[in-house]
Amino acid sequence: MGKWTLDDAHDLYRISQWSDDYFNISDCGKLIVYPHPENKSIQIKMQDVVDELRQQNVSFPVVMRFHDILKDRVVRLNKAFDKAIKAHFYSGKYRGVYPVKVNQMQEVVDEIVDAVMPYHYGLEAGSKTELMAVLSFKTSPQALTICNGYKDEAFLRLALTGVKMGRKVFVVIEKYSEIPLLLKLAEEMNVRPFIGLRIKMRVTTEGRWSGSSGEKAKFGLTVSEMLQAIQYAEEKGFGDCIQLLHFHVGSQLSDSSYITSAVEEGTRVYARLKKRGVPIQYLDIGGGLAIDYDGSGSNRHSSMNYSLDEYATHVVSSVQQMCQLEKVSEPNLVTESGRAITAHHSCVIMRVQGEISPQGVARKIPKAQEGEHYLLSNLRELLANVREQKNYVEVKTLARTTFDDLLVGFKLGVVRLEEVATAENIYWEILRVMESCEQEVDAGEELQGMLATQYLCNFSLFQSAADSWAIQQLLPVAPLSQLDVEPTKRCTLADITCDSDGKIDRFVGENGEKNTLLLHELDEATPYYIGLFLTGAYQDVMGDMHNLFGRLNEVHVFADKNDPNNFYIEEYVRGSSASKVLRIMQYNPDSMATSVKKEIDQKVREGTIKAREGVQLIDFYEKCLKGYTYLKN
Ligand SMILES: *Cc1c(COP(=O)(O)O)cnc(C)c1O
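Take 107 as the starting number for the sequence shown in this note's numbering and just add one per residue.
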């Protein structure tokens, strides 16, 4: 084996594949961020940020946000469409909106709105509460505000209030019954609404969100409902308000052919409505722009087989061709890309707290004793000869069955506890020797999985990477430093919840996926930090409080080329305290402390606890209530 190089680290963690130019490895083996990828001289070593946070006593895990990346994503998307529109002499404009459900955090939406003033980029809301949030941001007057999702009277009133505020707030009709209610309220409030129609698409897509299209889709109007809605609006004198046509066929569309066929179907509907005199100006193609989580550039679920520029080109050219065919004018284009905007900007940084190896704490194998059970002797012999064996699958099976038989013997009372302990150690040693021989690759990968150490990471999968658990979403993992050192420990990751599902055992690999990841040996003296990347879309906001682990501490890191380390931490947002999480579960932390105090006072009166100690115990309990929910480190 040659000397370990940074290229090897790139191959192993696939950083250049999934980073989309925002992450890299420095010459000294540190993971770096390029907040402005067009200027590679500004680079932030993530370990430097960690060191600064440690100095400030910020507890980990921490969500690190790079708002410069967020801005860059929005600009990239807008530029991609501008370029495609120019190249095709397309006559419509691009008016994207950011669907806030992907990450509703105030700072995130604020940064997006701020980044995109020159692009007239807007916001999308899928619920009443989201619309309340959306209306509180000042977007460009030409930007669109789009309301999707099921609506009640208050939702519609809020939308019309937005129109009165001078915004272009489109109410997208998802369900026929929304149109009579909207028009009634519009008359009552004396305002001309902006109406969009969502069509139920026929194209079927593949992937985890394929349910967003097809006959069984939850949202949208059938063709006949759509025609009925148009007729109703026209009869009521609101025909001219129908200006937008919307569809959304699913998130993370890995294959560009789904995008093209959806756009073709949608544009055909647009064209036919246009010919009927419906004054549609905007074609809203929804979300779906994917992220290459595994970096394979393929049509796998965790990947995408097109680039951002290609996406814009496919959309512009498909709409244009269909419009030429149908001889109708080209609509303004709206996308509702969420994942593609927010995924890169945030990551979860956690410390590896310890390790759990399947064989437990390794122990020397004691010498054979007189009268030892013959199954144990058989295992010893197997171990002695394992290096000479050719058929590893056979050896593995034999070792397993012998060990199992021995356990049966123990249950029957003919094998001693010490013999089981020795057999355990021999069994794992056989597997280790076989793995080190590395001759048969197939058997090798399975063995690696069996022998992998679990690195115990201070985080909750359910809070920080919900999709990793719920839909087997693949997220990249990499250490923040030592990338110039060969990692030798084969690992999976375990979180600190009491749930055996709280683990990561699927990693980004050369051929898509692998079930272990090589990491560095732990060393007491130097804390080892790893990052879970591309968590800015959905993961940031969908997590739950399993085991009462609450929201994470967050830091907002900004690039600063005048700083020796190229960054400053603009803000530190404290994560949930134990008492905050408890309050959500209807506890009252004050009365909890009072109850505990009462019991301790009682013990003090009884004399089993000294008065001074009693005070300390109560103080400690109260301090814990104020503290962070994760392990202290
Ligand atoms: C969720 C959703 C989006 C965002 O989709 P992404 O794939 O994250 O871009 C856009 N539009 C609608 C209607 C949605 O439901």
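No residue lacks a Cβ here, since even glycine has one placed at the ideal position from N, Cα and C.
- Put simply, the residues with a CB less than 7 Å from any heavy atom of ligand 1 are Pro-205, Lys-207, Val-208, Glu-230, Gly-232, Asn-254, His-354, Ser-357, Gln-358, Gly-392, Gly-393, Gly-394, Leu-395, Glu-442, Ser-443, Gly-444, Arg-445, Ala-446 and Ala-643, in chain order.
- Ile-386 counts as buried, since no fewer than 16 other beta carbons sit within 10 angstroms of its beta carbon.
- Here the alpha carbon of Cys-604 sits roughly 22 Å from the alpha carbon of Leu-623.
- Your pair Ser-566 and Gly-608 checks out as a contact, with CB atoms roughly 7 Å apart and the cut at 8 Å.
- Between the alpha carbons of Pro-247 and Arg-273 lies a gap of roughly 6 Å.
- Inclusion of Val-155 and Asn-659 in the CB contact set at 8 Å is not warranted, their separation being larger than that value.
- Looking at the DSSP output, Leu-229 sits in a beta bridge with Tyr-204 and Thr-251.
- For the set Phe-664, Met-428, Ala-576 and Glu-592, the Cα lying nearest the Cα of Glu-213 is the one of Phe-664.
- Cβ atoms of Met-152 and Gly-637 come within 8 Å of each other, at about 7 Å.
- Leu-737 and Arg-457 have their C-alpha atoms spaced approximately 10 Å apart.
- The criterion of a C-beta distance shorter than 8 Å is not satisfied by Leu-395 and Val-440.
- Within the model, the alpha-carbon separation for Ala-490 versus Thr-507 is close to 17 Å.
- By the Cβ neighbour-count rule, Pro-464 is exposed, with fewer than 16 other Cβ atoms within 10 Å of its own.
- Burial state of Leu-359 is buried, judged by a 10 Å Cβ sphere holding 16 or more other Cβ atoms.
- Where Gln-459 is concerned, the enclosing beta strand (DSSP E) starts and stops at 452-462.
- The C-alpha of Gly-232 lies about 12 Å from the C-alpha of Phe-276.
- Per DSSP, the beta bridge partners of Met-170 are Cys-453 and Val-661.
- Three or more beta-carbon pairs separated by less than 8 Å link the region 291-303 to the region 343-353, which places the two stretches in contact.
- In its chain, beyond the 5 residues on either side, Leu-557 have a beta carbon closer than 7 Å to the beta carbon of Arg-538.
- Fewer than three Cβ pairs drawn from the region 617-632 and the region 644-653 lie within less than 8 Å of each other, which leaves the two stretches out of contact.
- About 7 Å separates the beta carbons of Leu-379 and Leu-351, which is inside the 8 Å limit, making them a contact pair.
- Here Val-421 is buried, its C-beta having at least 16 other C-beta atoms within 10 Å.
- When the Cα atoms are used, Pro-205 and Leu-229 turn out to be separated by approximately 6 Å.
- Counting only runs of 4+ residues, the alpha helix (DSSP H) found wholly inside the region 261-335 occupies 284-295, in chain order.
- Counting along the chain, no beta strand (DSSP E) covers Thr-735, and no H or E run does either.
- Your pair Pro-143 and Asp-188 does not check out as a contact, with CB atoms roughly 18 Å apart and the cut at 8 Å.
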